[in-house]
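Trainee: Take this structure first; my questions come after.
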């Protein structure tokens, strides 16, 4: 996309003043004043340009906060991302340098986040409302903390990010998400002391990262193995620990796997991560876009999410993916999901789901988090400014409704799926009801399309009957039923099932 000239920018500022005012003046009256704020402004001067595939290039960086305070520094900058590099608005990695030579780095704190030399400027060009990733990280931090938090109070379960405006070579590039890096510092992994203690690997490509196959050996002179990238320690590369873990997941027999897996992985982290990616339908985060970490030697592995743009009913390119059924898994989760013993993985998922479903993972709470970011960008005028920089972007309120509807359907489907997790697998189709007991309505979920549903009293009197919709889910309206126990009979395309339902 051709960028605006400097002359055009000055003219655009006058136009923007009118657009900005007309865009938000009436709407702002309906929101709290503290939701309208100004963003920091980042200016980057890269006189030699920034070319994809090139190493860090010298540039100059300055940031000014809304109070007028600022600092500047030489930086190295490069284009960041995989498929996203094809978008007109690019993401960048920046590294703060002590001088223009780049031989020594410096740490700086940005937007009240940690002090570090390495940062990302995420374009979020493929996020229709520029609010998916930040919402996902909000949720993960809320629902999950490192298991060793008491030992490392400053350890974080994922990155923080916040918005800023960016000018590149005096051209306005719109809003970006200033983002921390997943690294040893963030996770507080134990330092190398001649032996590998803390470990960190990034799932960069599809392959052994999904635990479906074992790499054909490994080379400790290489930073890549089977789709994994070696990230820490910096002092030495040794793939042996991760290779042996992958081999165990893929090749161990069932007795050995279930006897030892809960020593090899941090099970609460596995439970939370499985729930997290499935609520969001995070299609790219089962193997790729995931970090595997170990706090110190002989400790269990755990997962850290990264790059959460293909979520909440959208694909990586920002187009809708309205399908809300189906489970995201990988080879490790596939095996864990076979553990239906009391206190095993399935049992833990069910109990954790019940604990989170009415709080952090309620439809109301997730939409509150999402809507908060959308409202800020909308009523502070930044969607209007983003449109000025990128004319193919425009705020579309209907996308909020789309996300809300998609999320409601997704959560209802997961309610039914998770309610069946502890049932032994067999050839007959399965059905589940959620919630149960219920009051006004309940959601019915089947593993095959539903043709007909009937609700009867215990003495066989049918009190409600409805046709299915050839879909695997249906909503039962219960407001006209007296409190008590009923039998719900479900006829699917494959067979017939009966379930008990308690109406309160």
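Numbering (the numbering used here), first residue to last: 1 to 504. Every residue, glycine too, gets a C-beta built ideally from N, C-alpha and C.
1. From which residue to which residue does the beta strand (DSSP E) around residue 161 run?
2. How far does the alpha helix (DSSP H) with residue 138 in it reach, from first residue to last?
3. Decide if residue 333 is buried, meaning its Cβ has at least 16 other Cβ atoms within 10 Å, or exposed.
4. Between residue 100 and the rest of its own chain, which residues show a CB-CB distance below 8 Å, the 5 nearest in sequence each way excluded?
5. Flag this pair as touching only if the stretch 116-135 and the stretch 85-98 have three or more C-beta atom pairs under 8 Å; answer yes or no.
6. Taking 8 Å as the threshold (C-beta atoms), are residue 449 and residue 492 in contact?
7. Taking the straight line between their C-alpha atoms, what separation do you get for residue 373 and residue 465?
8. Check whether the stretch 64-71 and the stretch 187-203 touch, using three or more Cβ-Cβ pairs below 8 Å as the test.
9. Can you confirm whether the stretch 76-95 touches the stretch 357-367 when touching is taken to mean that 3 or more C-beta pairs between the two stretches lie within less than 8 Å?
10. Where do the ends of the beta strand (DSSP E) carrying residue 176 lie?
11. For the stretch 403-416 and the stretch 302-315, state whether three or more C-beta atom pairs, one from each stretch, are separated by less than 8 Å.
12. Under the criterion of a Cβ to heavy atom distance below 7 Å, does residue 343 qualify as lining the ligand SAH?
13. If you follow the alpha helix (DSSP H) that residue 496 is part of, which residue opens it and which one closes it?
14. May I ask you to verify whether the stretch 120-131 touches the stretch 252-262, counting CB pairs closer than 8 Å and requiring at least 3?
15. In terms of alpha-carbon separation, which member of 77, 112, 89 and 125 lies closest to residue 105?
16. State the Cα-Cα distance for the pair residue 410 and residue 170, rounded to the nearest angstrom.
17. On the DSSP bridge assignment, give the partners of residue 76 in chain order.
18. Quick one: grab the DSSP three-state call for residue 25.
19. Starting from residue 386 and walking both ways along the beta strand (DSSP E), at which residues does that stretch end?
20. Could you tell me the boundaries of the alpha helix (DSSP H) in which residue 331 lies?
21. Can you check DSSP and say which residues form a bridge with residue 466?
22. Residue 357 by DSSP, collapsed to three states: which one?
23. Does DSSP put residue 210 in a helix, in a strand, or in coil?
24. On a CA-only basis, which of 175, 54, 56 and 125 is nearest residue 38? Give me that one, please.
25. Classify residue 319: buried if its beta carbon has 16 or more other beta carbons within 10 angstroms, exposed otherwise.
Mentor: Concretely, from the data shown:
1. 161-168
2. 132-143
3. buried
4. 58 and 74
5. yes
6. yes
7. 43 Å
8. no
9. no
10. 171-179
11. yes
12. This structure does not include the ligand SAH; it has no bound ligands of any sort.
13. No alpha helix (DSSP H) contains residue 496, which is instead part of the beta strand (DSSP E) from 496-503.
14. no
15. 77
16. 44 Å
17. 58 and 95
18. Per-residue confidence for residue 25 stands at a pLDDT of 33, beneath the threshold of 50, marking its modelled position as unreliable; the derived number appears in the next sentence. Residue 25 falls in the helix class under three-state DSSP.
19. It is not in any beta strand (DSSP E) - residue 386 instead sits in the alpha helix (DSSP H) that spans 382-389.
20. 331-336
21. 453
22. helix
23. helix
24. 175
25. exposed
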